[in-house]
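Peer 1: Pasting a structure below so you can have a look.
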Amino acid sequence: MSATAPARPKINAGEIAVEGVSKSYGALQFRKEVVHDCSFTIERAKLTVMVGPSGCGKSTLIRLLAGFEQPTTGRITLDGGPITGPNRDRLVVFQETALFPWMTTWDNILYGPRARGELSRDAREFGEFLLNKVGLQDFRDKYPGQLSGGMQRRAELARAMINNPKVMILDEPFRGLDAMTKELMWEYYSRLYEENRRTNFFVTTDIDEAVFLADRMLVMSNIPTHVRAVIDVDLPRPRKLSDLVESDRANDIKKQALSILHAEAMRSFSRGSKAAADFVEAYLKRASRA
Amino acid sequence: MTKLQKIVTNPAFWRGMVSIVVFLIIWEIGARSKQWMTPEFFAPFKDLLAAMGFKRNYLPWIGAVPAPSVVLASWLTVLGDASYWQSWYMSFFRVMAGFIAAMLIGIPFGLALAVSRTAYGVAFPVFEVLRPIPPLAWVPASIIFWPTQESAIAFITFLGAFFTIVINVLGGARSIDVRYFQAASSMGSSRWDIFRRVILPGTLPSIMVGSAVGMGITWEVVVAAEMISGGGSQVGGTRGGGLGFFIWNSYVGGSYEQIVVGMISIGIAGFASSELLRWLGRYATPWLKAR
Chain A
1 MSATAPARPK
11 INAGEIAVEG
21 VSKSYGALQF
31 RKEVVHDCSF
41 TIERAKLTVM
51 VGPSGCGKST
61 LIRLLAGFEQ
71 PTTGRITLDG
81 GPITGPNRDR
91 LVVFQETALF
101 PWMTTWDNIL
111 YGPRARGELS
121 RDAREFGEFL
131 LNKVGLQDFR
141 DKYPGQLSGG
151 MQRRAELARA
161 MINNPKVMIL
171 DEPFRGLDAM
181 TKELMWEYYS
191 RLYEENRRTN
201 FFVTTDIDEA
211 VFLADRMLVM
221 SNIPTHVRAV
231 IDVDLPRPRK
241 LSDLVESDRA
251 NDIKKQALSI
261 LHAEAMRSFS
271 RGSKAAADFV
281 EAYLKRASRA
Chain B
1 MTKLQKIVTN
11 PAFWRGMVSI
21 VVFLIIWEIG
31 ARSKQWMTPE
41 FFAPFKDLLA
51 AMGFKRNYLP
61 WIGAVPAPSV
71 VLASWLTVLG
81 DASYWQSWYM
91 SFFRVMAGFI
101 AAMLIGIPFG
111 LALAVSRTAY
121 GVAFPVFEVL
131 RPIPPLAWVP
141 ASIIFWPTQE
151 SAIAFITFLG
161 AFFTIVINVL
171 GGARSIDVRY
181 FQAASSMGSS
191 RWDIFRRVIL
201 PGTLPSIMVG
211 SAVGMGITWE
221 VVVAAEMISG
231 GGSQVGGTRG
241 GGLGFFIWNS
251 YVGGSYEQIV
261 VGMISIGIAG
271 FASSELLRWL
281 GRYATPWLKA
291 R
């Protein structure tokens, strides 16, 4: 497609440090702590995946990282500077789609540069490059409602990447896609990452997704959430799903992460959580298969 | 041509046609009940109908209505009459004046209530007290407030559309998904930018819905206002008082078939205005049909 190298901004990978962060909602007896004394680092130019049970407070953490909300205690810094509000250097790709339904694919992708008044020729060329990269050149003038689920997620990745963020934050971006499309998206997304090595923070409940994508994996506790374990996923890149299914190392990591999640689920199961009961049952089935 | 073929081959089209034709036939036969109904036919129901207050010897309700053929004949005579078209013009003028004013004031007002907590706090309580007052209850007050009857009628039609439009705009703007705001502000949007590129297009579907409903209310209100105020206009004297006055005048003059002509004229006028609005709506929100 691109005989001449298109104008591509230099990737500027950032590092986020989360130090002793807690977040509570409500007051007095209604006070509920969602994040409890959470500390971790989202390392520069690495793909960090946070995996934890659903409803454990992951989305709250994302809102803190994005700057939509402030932590109750503790601090979050990007390259040493405190996070005070939403900014284009930390962009969130949301669960389901947050593409603007009233804009075409092309206008959605160009949203950031246009909003900041930076719609230069270079920005358009970079937009064109990204449009091709995510394979949507034929859907340039379609509205999000006319795209498939997988296309919408790809358009959203492009809409984030055009802003050249220091950190990309993805909140269960492939949730709600069917199994086949999901696997396709894993390979797509992991190729995008392998090509540009931006700092990525990916949140999911899906352990297979986590192991396939991650450089580092943060396994979270139940609500109020904090980091239970950090696992380095030292599988070679570029990764392919077919290789990974047969990899013993991948299966070991999965088992390790699952056993931590299992322990967490047992704990909240004993407190009467129905979701945890489902997890325990699923875990036992899976363990007996292995 | 293909579009016409599509319509003609569609069973729904023929169902609709049959429905209209059957309706007209029943109406024609029923309206001519004086001619074909004998006292014997009427006898079994005599006591029941008498108890309900019907005294004459023809089908109740429908027997008192002029037949469609008579209505059509009467319609053909008024088609060449300038005062009939003057009525159309007057009603359309009032509806559009009130409706456009309601849009021009209602849409910014609704958006202001949605985006500003202060505006909401100050204006909404008064708005909510005034909203349940039916536009027609404003007729006497409005005749006192406004210097001319024309402006009084326009004001009443304005009220008919205004409250509906404001409520729809407010609800629409409030129901925009918070993620759109988060996404926009992350990507560096200013407040004005969010208003222009997120709130405005996000509210547009609700604006169109509110306008369509408001347009319907406007027609109801204008006709009633014209009947009550006696037309009001000085143009062409009492003969150019709008379609509502046309109906009322026909009633007073005892020309029953013209009442029906007036009613159907309003039906057509209301349909045409809604259709115009739907067309504008499709044009303004192209992403909604693209699914």
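Top line first, the protein sequences correspond to chains A and B. For the first sequence, my numbering assigns the number 1 to the initial residue and increments by one for each residue that follows. For the second sequence, my numbering assigns the number 1 to the initial residue and increments by one for each residue that follows. We treat Cβ as the ideally placed atom computed from N, Cα and C, and that holds for glycine. It should be emphasised that the depicted structure is a prediction, and the values quoted were computed from it without experimental measurement.
(1) Measuring CA to CA, which of B/Gly202, B/Ala43 and B/Glu257 is closest to B/Val71?
(2) Entirely within the stretch 149 to 226 of chain A and at least 4 residues each: give me those alpha helix (DSSP H) ranges in chain order.
(3) Can you pull the chain B neighbours of A/Trp102, defined as C-beta to C-beta under 8 Å?
(4) Does the contact criterion of 3 or more C-beta pairs under 8 Å hold for the stretch 12 to 25 of chain A versus the stretch 77 to 85 of chain A?
(5) Verify whether the separation of the beta carbon atoms of A/Met220 and A/Val227 is less than 8 Å.
(6) In its own chain, which residues sit with a C-beta less than 6 Å from the C-beta of A/Ala276, not counting the 5 before and 5 after it?
(7) I'd like to know if A/Tyr111 contacts chain B, where contact means its C-beta is closer than 8 Å to some C-beta of that chain.
(8) For A/Glu19, collect the residues of the same chain with a Cβ closer than 6 Å to its Cβ; drop the 5 residues on either side in sequence, then sort them by chain order.
(9) Note down, in chain order, all residues in the stretch 178 to 193 of chain B with a beta-carbon under 8 Å from any beta-carbon belonging to chain A.
(10) Identify the contact partners of A/Leu136 in chain B, using a Cβ-Cβ distance below 8 Å as the criterion.
(11) May I ask you to verify whether the stretch 189 to 208 of chain A touches the stretch 53 to 65 of chain A, counting CB pairs closer than 8 Å and requiring at least 3?
(12) For B/Gly237 and chain A, any beta-carbon pair shorter than 8 Å?
(13) Find out if the Cβ-Cβ distance for the pair A/Asn108, A/Ala155 is shorter than 8 Å.
(14) Helix, strand or coil for A/Phe68, going by three-state DSSP, please let me know.
(15) What separation, rounded to the nearest whole angstrom, lies between the Cα atoms of A/Asn132 and A/Asp138?
(16) Would you say B/Val115 reaches chain A, if we count a Cβ-Cβ gap shorter than 8 Å as a contact?
(17) How many angstroms separate the CA atom of A/Phe94 from the CA atom of B/Thr203?
(18) When you check each C-beta in the stretch 58 to 87 of chain A against every C-beta of chain B, which residues fall closer than 9 Å?
(19) With contact counted as at least three CB pairs below 8 Å, one residue from each stretch, are the stretch 140 to 154 of chain A and the stretch 95 to 105 of chain A in contact?
(20) Do we get a CB-CB distance below 8 Å when we pair B/Val198 with the residues of chain A?
(21) Is the beta carbon of B/Ser186 closer than 8 Å to that of A/Ala66?
(22) Where does B/Tyr283 land, buried or exposed, given buried means 16+ other C-beta within 10 angstroms?
(23) Taking a cut of 8 Å between CB atoms, which residues from the stretch 163 to 187 of chain A lie near chain B?
(24) In its own chain, which residues sit with a C-beta less than 8 Å from the C-beta of B/Ser33, not counting the 5 before and 5 after it?
(25) For B/Ser190, count neighbouring Cβ atoms within 10 angstroms of its own Cβ and tell me buried if that reaches 16, exposed if not.
(26) Measuring only the C-alpha atoms, how far is A/Ser247 from A/Lys182?
(27) Using only alpha-carbon positions, find the residue among B/Ala123, B/Ser74 and B/Leu136 that is nearest to B/Val222.
(28) Residues of the stretch 127 to 155 of chain A in Cβ contact with chain B at a cutoff of 9 Å, in chain order, please.
(29) Contact criterion: CB-CB distance below 8 Å. Does A/Val203 meet it with respect to chain B?
(30) Show which residues of chain B have a CB atom less than 8 Å away from the CB atom of A/Ala98.
(31) Is it buried or exposed for A/Asp141, if we count other Cβ within 10 angstroms and need 16 for buried?
(32) Is B/Phe340 buried or exposed, if buried means 16 or more other CB atoms sit within 10 Å of its CB?
(33) Which chain B residues are close to A/Val92, counting only those with a beta carbon under 8 Å from its beta carbon?
(34) Mark B/Leu76 as exposed unless 16 or more other C-beta atoms lie within 10 angstroms of its C-beta, in which case mark it buried.
(35) Under a three-way DSSP split, which group does A/Leu119 fall into?
(36) Counting only Cβ pairs nearer than 7 Å, list the residues of chain B close to A/Arg116.
Peer 2: Inspection of the coordinates gives the following:
(1) As a working mapping, residue 71 of chain B is identified with position 71 in the second sequence. When each option's Cα is compared against that of B/Val71, the closest is B/Glu257.
(2) As far as the stretch 149 to 226 of chain A is concerned, its whole alpha helix (DSSP H) runs of at least 4 residues are 149 to 161, 179 to 196 and 207 to 213.
(3) Translated into positions along the first sequence, residue 102 of chain A becomes position 102. Annotation: Cβ neighbours of A/Trp102 in chain B (cutoff 8 Å, chain order): Pro201, Gly202, Leu204, Thr285 and Trp287.
(4) Yes, the stretch 12 to 25 of chain A is in contact with the stretch 77 to 85 of chain A.
(5) Within the first sequence, residue 220 of chain A is the residue found at index 220, counting from 1. Within the first sequence, residue 227 of chain A is the residue found at index 227, counting from 1. Contact check for A/Met220 against A/Val227 passes: the beta carbons are separated by less than 8 Å.
(6) In the first sequence, residue 276 of chain A corresponds to position 276, counting from 1. Here the set comprises Ala265, Ser268 and Phe269.
(7) Walking along the first sequence from the start, residue 111 of chain A turns up at place 111. Yes, because at least one Cβ of chain B sits closer than 8 Å to the Cβ of A/Tyr111.
(8) As a working mapping, residue 19 of chain A is identified with position 19 in the first sequence. The residues are Ser39, Gly74 and Arg75.
(9) Listed in sequence order: Arg179, Tyr180, Gln182, Ala183, Ala184, Ser185, Ser186, Met187, Gly188, Ser189, Ser190 and Asp193.
(10) Here residue 136 of chain A refers to the residue found at position 136 when the first sequence is read from its first residue. Per Cβ cutoff of 8 Å: no residues; A/Leu136 is ~15 Å from chain B at best.
(11) Output reads yes: the stretch 53 to 65 of chain A touches the stretch 189 to 208 of chain A.
(12) Within the second sequence, the letter at position 237 stands for residue 237 of chain B. The predicted position of B/Gly237 is uncertain, since its pLDDT is 47 and thus under 50; no value can be drawn from it.
(13) Taking the first residue of the first sequence as 1, we reach residue 108 of chain A at position 108. Taking the first residue of the first sequence as 1, we reach residue 155 of chain A at position 155. Taking C-beta atoms as the reference points, A/Asn108 and A/Ala155 count as a pair closer than 8 Å.
(14) Taking the first sequence and counting its residues from 1, one reaches residue 68 of chain A at position 68. In the displayed model, A/Phe68 falls within coil according to three-state DSSP, outside both helix and strand.
(15) What you label residue 132 of chain A is simply residue 132 of the first sequence in a count that begins at 1. What you label residue 138 of chain A is simply residue 138 of the first sequence in a count that begins at 1. Cα to Cα, the separation comes out at about 9 Å.
(16) By 1-based counting over the second sequence, the position of residue 115 of chain B is 115. At a cut-off of 8 Å between beta-carbon atoms, B/Val115 makes no contact with chain A.
(17) Reading the first sequence from its first residue, position 94 is the one you call residue 94 of chain A. Reading the second sequence from its first residue, position 203 is the one you call residue 203 of chain B. Cα-Cα distance, rounded: 22 Å.
(18) Correct list: Arg63, Ala66, Gly67, Phe68, Gly85, Pro86 and Asn87.
(19) By the criterion of at least three beta-carbon pairs nearer than 8 Å, the stretch 140 to 154 of chain A is in contact with the stretch 95 to 105 of chain A.
(20) Along the second sequence, read from residue 1 onward, the residue named residue 198 of chain B stands at position 198. B/Val198 counts as touching chain A.
(21) Translated into positions along the first sequence, residue 66 of chain A becomes position 66. Translated into positions along the second sequence, residue 186 of chain B becomes position 186. When the beta-carbon positions are compared, A/Ala66 and B/Ser186 come within less than 8 Å of each other.
(22) Position 283 of the second sequence, counting from 1, holds the residue named residue 283 of chain B. With fewer than 16 other beta carbons inside 10 angstroms of its own, B/Tyr283 counts as exposed.
(23) Those residues of the stretch 163 to 187 of chain A that come within reach of chain B (Cβ to Cβ, closer than 8 Å) are Asn163.
(24) Locating residue 33 of chain B in the second sequence gives position 33, counting from the first residue. Excluding residues within five positions, the ones whose Cβ falls inside 8 Å are Tyr58, Leu59, Ile62 and Gly63.
(25) Mapped onto the second sequence, residue 190 of chain B falls at position 190. B/Ser190 should be labelled exposed.
(26) The residue you call residue 247 of chain A lines up with position 247 of the first sequence. The residue you call residue 182 of chain A lines up with position 182 of the first sequence. Those two C-alpha atoms are separated by around 20 Å.
(27) Translated into positions along the second sequence, residue 222 of chain B becomes position 222. When only C-alpha atoms are compared, the closest one is B/Leu136.
(28) For the stretch 127 to 155 of chain A, which is checked against every Cβ of chain B, the residues closer than 9 Å are Lys142, Tyr143, Pro144, Gly145 and Gln146.
(29) The residue you call residue 203 of chain A lines up with position 203 of the first sequence. Taking Cβ atoms only, chain B never reaches closer than 8 Å to A/Val203, which makes this a no.
(30) Residue numbering aside, residue 98 of chain A sits at position 98 when the first sequence is read from its first letter. Those within 8 Å of A/Ala98 in chain B are Asp177, Arg179, Tyr180, Gln182 and Ala183.
(31) Here the question's residue 141 of chain A lines up with position 141 in the first sequence. With fewer than 16 other CB atoms across the displayed protein chains lying within 10 angstroms of its CB, A/Asp141 is exposed.
(32) There is no way to answer for residue 340 of chain B, as the model of chain B reaches only from 1 to 291.
(33) Here the question's residue 92 of chain A lines up with position 92 in the first sequence. Going along chain B in sequence order, the residues near A/Val92 (Cβ under 8 Å) are Gln182, Ala183 and Ser186.
(34) In the second sequence, counting from the first residue as 1, residue 76 of chain B sits at position 76. B/Leu76 sits exposed, since fewer than 16 C-beta atoms from the chains shown fall within 10 Å of its C-beta.
(35) The residue given as residue 119 of chain A occupies position 119 in the first sequence. DSSP places A/Leu119 in coil when its eight states are reduced to three.
(36) Along the first sequence, read from residue 1 onward, the residue named residue 116 of chain A stands at position 116. Listed by position along chain B, the residues whose Cβ is nearer than 7 Å to that of A/Arg116 are Gly188.
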